[in-house]
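In mature numbering (1 follows the signal peptide of the UniProt record, and there is no 0), the protein residues as written are -21 to -1, 1 to 138.
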């Protein structure tokens, strides 16, 4: 039992090694899975370099922007903000509940855009509010951010 299993594993590893050395995959299929159509091989861009190459001077971030270690674990950077371009090295601001959304960069998934995590707050007139936060967009109204994209606004009493 051990002999056939070992030879099968060895054969699979050898075929993977040969295919990688030749720059081809085991299956010659398109991304949709149609046999016979060659798929385009994409080589990912390296955003991280080792050994680390950091600027001598620590960056000075604008007020409200977090100073974080980059995604490579090397250098201090100013975290990217909502709508900014991000990648594996240039991270989005974790203190504001942001993440790098790579969905628009199919099929590479190398570059994304910083976006808010689901259920971390609300956005109204391009201003982000945290869950449970009350704000006043107009002198006559107060609004409460309940859940992501759910605002409850009410008329202010005593006016």
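Quick reminder that beta carbons are idealized off the backbone N, C-alpha and C, glycines included.
First and last residue of the beta strand (DSSP E) that includes residue i?
{"i": "residue 84", "result": "Note, residue 84: premise wrong, no beta strand (DSSP E); not H, not E."}
{"i": "residue 102", "result": "101 to 103"}
{"i": "residue 107", "result": "106 to 108"}
{"i": "residue 117", "result": "113 to 117"}
{"i": "residue 46", "result": "46 to 48"}
{"i": "residue 91", "result": "91 to 95"}
Would you mind stating whether residue i and residue j have Cβ atoms separated by less than 9 Å?
{"i": "residue 59", "j": "residue 33", "result": "no"}
{"i": "residue 124", "j": "residue 115", "result": "no"}
{"i": "residue 51", "j": "residue 67", "result": "yes"}
{"i": "residue 78", "j": "residue 96", "result": "yes"}
{"i": "residue 45", "j": "residue 57", "result": "yes"}
{"i": "residue 80", "j": "residue 49", "result": "no"}
{"i": "residue 100", "j": "residue 76", "result": "yes"}
For residue i, which three-state DSSP category applies?
{"i": "residue 59", "result": "strand"}
{"i": "residue -8", "result": "Only weak support is given to the placement of residue -8: the predicted model assigns it a pLDDT of 40, under 50, and the value that follows is read from those uncertain coordinates. Residue state, collapsed to three classes: helix."}
Based on DSSP bridge pairs, tell me the residues matched to residue i.
{"i": "residue 120", "result": "117 and 134"}
Distance check for residue j and residue i, CA to CA, integer angstroms please.
{"i": "residue 4", "j": "residue 90", "result": "Low per-residue confidence applies at residue 4: pLDDT is 43, beneath 50, and the placement is therefore not dependable, though the value from the model is reported in the following sentence. Taking the straight line from one Cα to the other gives about 24 Å."}
{"i": "residue 72", "j": "residue 119", "result": "33 Å"}
{"i": "residue 23", "j": "residue 31", "result": "19 Å"}
{"i": "residue 28", "j": "residue 39", "result": "23 Å"}
{"i": "residue 131", "j": "residue 25", "result": "45 Å"}
{"i": "residue 64", "j": "residue 88", "result": "12 Å"}
{"i": "residue 47", "j": "residue 136", "result": "43 Å"}
{"i": "residue 139", "j": "residue 85", "result": "No answer is possible for residue 139: the residues shown for the chain start at -21 and end at 138."}
{"i": "residue 134", "j": "residue 113", "result": "13 Å"}
{"i": "residue 104", "j": "residue 82", "result": "24 Å"}
Taking only beta-carbon positions, decide if residue i is within less than 9 Å of chain B.
{"i": "residue 59", "result": "Any reference to chain B falls outside this structure, which holds one protein chain only."}
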